[in-house]
Amino acid sequence: MSQDRAQAIPAFIDLAAQRERLGDRIDQAISAVLRHGQYILGPEVAALEDRLASFCGARHCVTCANGTDALILALMAEGIRPGDAVFVPAFTFVATVEVAVLCGATPVFVDVGPDTFNLDASSLEAAIGEARQRGLKPRCVIPVDLYGQPADYRVIGEIAKAYDLLVIADAAQSFGASLDGRQVGTLATYTATSFYPSKPLGGYGDGGAVFTDDDERAARLRSLRNHGKGPDRPDTEHVGLNSRLDSIQAAILLEKLRLFPDEIPARQERAERYTQALAPLVKVPELMPGATSVWAQYTIVTDRRDELAKSCRDAGVPTAIHYPSALNSLAPYRQFPTAPAGLPQAEFLAKRVISLPMHPYLGADAQALIVATIRHALASKAGVARAAE
Ligand SMILES: Cc1ncc(COP(=O)(O)O)c(C=O)c1O
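See below:
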C-alpha cells in the first residue's frame, strides 16, 4: 500500500481528531473537578443540564448514568408495570426493548418504514389492536430516531393522542437533529439520549439525559435517578436507582458541547457527499421532509452486503452492521408479540444494512477512498436493494 493511500485510510469514528481540536481544555476541565472534589452531582452537572436544555429548547434536562437508564427513568416516572404494553420498533439497538421488560411491561414489536428505517405508523396502529386483543393495556410508545433522524413524531403524536399513549423518544442517536424546526428534546413528552463515546455528542465514558417540559415529571426524574430521594431532604419518596452522571463526565461534555454546533453541519456535509456519490450504487438513507439528521451513522442498504464488507475490509475501510437482527428474533425477546402483519421491513433491513465511517473530521480524501472501494466492489452489477413488498 502506498504512503498516500495509508494516510487516507479512514477511522469509523475519529475521536482522536476531535481530542486534538479540544487541546488541553479537557485536561483543564477534569483538573477543575479534581480541585473542588464534588465528584457526584457537582456544579458541572447542573451547568451541563442548563446548557443542554437551552441547546434544544426543553424546559428541563435531567442527566443520568447512560442512555438505557434515561429510558428506564422515563418508564419508571410513569409507573409502567406488568400488564402494560410498550410499543417499540423491531429494528433498533437492544436497549429500546430491554427497558420495557425490565419494568415488567410487555414490549410489542412494530415494523419500520422502508426509507427512514423509523417506526411505521400503520404498523403501530395494528400493534395497538393486537395488544388489546391480548388483554394488555396500551400505555407507551418508544419511537427511535435511528441513525440520527427523528422518527415522524407528527403522525406518531396523533396516534398517541387517539389511543392515549405516552410518547418517550429514544433519541440516543439524534440529539442535535430537528423536525419542522423543533429540536430533538422537545418532540415527545420525554426524550432520552445517550452520551456513549461514539454518539454525536459523546463523553469519555457512559452518560445520558432525559428532557421534558413538564415540571412534575422532571422532579420525579431527579428523585428517581438518586435513589428516590426528595429534593431537599434525605427522605426516600420513590423506589429509585443510582443513575447519576459523574461530575467529570459533565465537565468533559461541557467542553464537547462547545464544538457540537460546528460538528453537526460537518456531519451533514459528509452525509451529503456520500449520498451524491452512492445513490446510483446502493439504497442511501432518506430524510423526511422537515427533518434534519445528526448522522450518528451513515447506513446504506445493499443485497450484496457480505461482498461489500469483505472488499471494504481488504481495502482497510472499517464498516459495521447496525443491526444484524430484528429484535424479535433474539432469544430473550422471541416470546413477545409483534404487529399482526409481522415485521417484514425490520427483517429485510437486518440482512442488508451496512454502516460506513462517519464523523465530523472525515476528510474528502478518505471519503473518496471509501466511495471508490464501494464502487469497485459493486462494479459487476448494481447492488441496489428494494424495499420488501
Ligand atoms: C437507539 C439506542 N437506544 C438506547 C441506547 C442506549 O444508550 P447507552 O449505551 O448510553 O445506555 C443506544 C446506545 O447505543 C441506542 O443506540
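The working numbering puts the first residue of the sequence shown at -5, with every later residue one more than the last. From the three backbone atoms N, C-alpha and C, an ideal C-beta is built for every residue, glycine too. Small disclaimer: the values here were computed from a predicted structure and weren't measured.
- Assignment of Ile294 by DSSP, reduced to helix, strand and coil, places it in the strand class.
- If you check the C-beta of Val80 against ligand 1, you find no heavy atom less than 7 Å away.
- Under the three-state reduction of DSSP, Tyr141 is assigned to helix.
- Residue pairing by DSSP leaves His232 without any beta bridge partner.
- A Cβ-Cβ distance of about 5 Å is found for the pair Ala84 and Ala320, placing them in contact under the 8 Å criterion.
- Collapsing the DSSP output to three states places Asn220 in a strand.
- Taking the Cβ of Val138 as the reference point, at least one heavy atom of ligand 1 falls within a distance shorter than 7 Å.
- For Val39, the three-state secondary structure derived from DSSP is helix.
- Judged by beta-carbon spacing, Asp44 lies beyond the 8 Å limit of Gly202, meaning their Cβ atoms are not closer than that value.
- Contact between Ala145 and Pro132 is ruled out by a C-beta separation of about 18 Å, above the 8 Å threshold.
- Remark: C-beta atoms of Gln12 and Tyr141 do not approach each other more closely than 8 Å.
- Apart from the 5 residues on each side of it in sequence, Phe205 sits with its Cβ closer than 6 Å to the Cβ of Ala52, Cys55, Gly179 and Thr185 in its chain, given in chain order.
- Contact annotation: the stretch 97 to 110 touches the stretch 332 to 347, with at least three C-beta pairs closer than 8 Å.
- Here the stretch 162 to 181 lies against the stretch 283 to 301, with 3 or more beta-carbon pairs under 8 Å apart.
- Leu130 and Ala79 do touch by the CB rule: their CB atoms are close to 4 Å apart, below 8 Å.
- Checking the 7 Å criterion, the Cβ of Gln167 is within range of a heavy atom belonging to ligand 1.
- Asp240 is bridged by DSSP to Ile34.
- Taking Glu231 as reference, the option from Leu218, Val91 and Arg328 with the minimal CA-CA separation is Leu218.
- Beta-bridge pairing by DSSP links Ile162 to Tyr184.
- Phe85 has no beta-bridge partner at all, per DSSP.
- Under the criterion of beta carbons closer than 8 Å, Met352 and Arg261 qualify as touching, at roughly 7 Å.
- Under a 10 Å Cβ-count criterion, Tyr33 is classified as exposed, with fewer than 16 other Cβ atoms of the shown protein chains found around its own Cβ.
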